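Here's the structure, in structure tokens; my notes come after.
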Amino acid sequence: MQSAKWMVGFGLVVLIGVVGWVLWAPTTALAACGCSAMTLKHSGTTGIMCTDNDLNFLKTECDKFTGSAKGCITKFAYECRLGVNSQKLGNVKPYQKTGFQPVATLKASSIPSDCTIGQVLQEDITSGGKREANPPIIPTSLSGLQSLAGHTVEIDNSSANSFPAVGATKATNPFFGGDNYASLAATDVLISETPTTISWWDNPDQSKDSQSEVAAWKFHFLSFVNGSASQPSCACAFTIEVDWNGKNAPTTKWTKDAGLSTNCTF
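Numbering (our numbering) for the sequence shown: 52 to 317.
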């Protein structure tokens, strides 16, 4: 067991309904996906998210409502917290979670299922000043040499490998590991669509084996929505840095990586 650990944010797929949203059926006249903007939300809340799934495991970081009470046509509604949203600093094995939500705005007449979506990650974990092993890659929608919203990167999608270190390159290109959020039909992550948006919620976990452990985490994420048929794409690249010096409270810092971002508001 590693002394400083990390778990991927989790959830179940939901179809999101904003207030007044009705079921939408695309027509054959619509042909492509284009992403005009992406906002990377990392404070406040996700806003109301509607689903027929009873997601009891979200109760720590999300508020649960009857769907009709929040304007949903589904059985349930959730609103999930962003930023540092859950801390148990007094535990024998203390932990915290840091939530974020990429929200992509689609061009008019886009079909969400025509978009290529996903998230890739580099990571550093240290304990007592020594580097810890990274967790295994979670395959995403693209593999190998790829253009993410115009940025050329290399993606390792093998679950047999660990996430690359922050700053890793392959043939001079940024080298990332897949981090899922690859399909609107996924059942193991919280991902949403409306006729005009695609978004998902991730909630990385930082945990220690003891109060006295000195640990640090650095996550370098790149969340993307690639358009189709020469339509525009979006990408938000950013880092989350968590320093946890012994029994002191952790410090958490968020930074946008403008060099790997396109059409991104942070």
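C-beta: ideal position from N, C-alpha, C; glycine also.
These figures come from a predicted structure and were not determined experimentally.
CA-to-CA distance, residue j to residue i, given in whole angstroms
{"i": "Y129", "j": "Y146", "result": "23 Å"}
{"i": "T117", "j": "D239", "result": "22 Å"}
{"i": "D308", "j": "A267", "result": "20 Å"}
{"i": "D230", "j": "G278", "result": "19 Å"}
{"i": "G141", "j": "W305", "result": "24 Å"}
{"i": "S312", "j": "Q197", "result": "15 Å"}
{"i": "D253", "j": "G150", "result": "6 Å"}
{"i": "D294", "j": "A280", "result": "43 Å"}
{"i": "I206", "j": "S160", "result": "30 Å"}
Pair within 7 Å by beta-carbon distance, residue i and residue j
{"i": "T303", "j": "V135", "result": "yes"}
{"i": "Y232", "j": "Q282", "result": "no"}
{"i": "A83", "j": "L199", "result": "no"}
{"i": "A219", "j": "F226", "result": "yes"}
{"i": "N296", "j": "V265", "result": "yes"}
{"i": "N314", "j": "A88", "result": "yes"}
For residue i, the first and last residue of its enclosing beta strand (DSSP E)
{"i": "I176", "result": "167-178"}
{"i": "G229", "result": "224-229"}
{"i": "I206", "result": "202-207"}
{"i": "S258", "result": "256-259"}
{"i": "F272", "result": "265-277"}
{"i": "V154", "result": "152-157"}
Coarse secondary structure for residue i, derived from DSSP in three states
{"i": "S164", "result": "helix"}
{"i": "N296", "result": "strand"}
{"i": "N107", "result": "helix"}
{"i": "L133", "result": "coil"}
{"i": "K144", "result": "coil"}
{"i": "K115", "result": "strand"}
{"i": "L120", "result": "Looking at the sequence itself, residue 120 is Ala, so the reference to Leu does not match. Looking at A120 - three-state DSSP - the assignment turns out to be helix."}
{"i": "L235", "result": "coil"}
{"i": "A309", "result": "helix"}
{"i": "T191", "result": "coil"}
{"i": "T303", "result": "strand"}
{"i": "A282", "result": "What sits at residue 282 in the sequence shown is Gln, not Ala. Here Q282 sits in coil by DSSP."}
{"i": "C101", "result": "strand"}
{"i": "A128", "result": "strand"}
{"i": "E244", "result": "strand"}
Residue-level contact to chain D via CB, residue i, 7 Å cutoff
{"i": "S279", "result": "Judged by its chain identifiers, the structure shown contains no chain D, having just a single protein chain."}
Across the stretch 146-165 and the stretch 253-273, are there enough close Cβ pairs to call them in contact, namely three or more that are closer than 8 Å?
yes
Would you be able to state if there are at least three C-beta pairs under 8 Å between the stretch 170-179 and the stretch 207-221?
In short, these stretches touch, since the Cβ pair count reaches three.
How about the stretch 87-106 and the stretch 154-164: do they share at least three Cβ pairs that are nearer than 8 Å?
Counting Cβ pairs under 8 Å, three or more are found: they touch.
Does the structure place the stretch 178-188 close enough to the stretch 234-251 that three or more beta carbon pairs sit under 8 Å?
no
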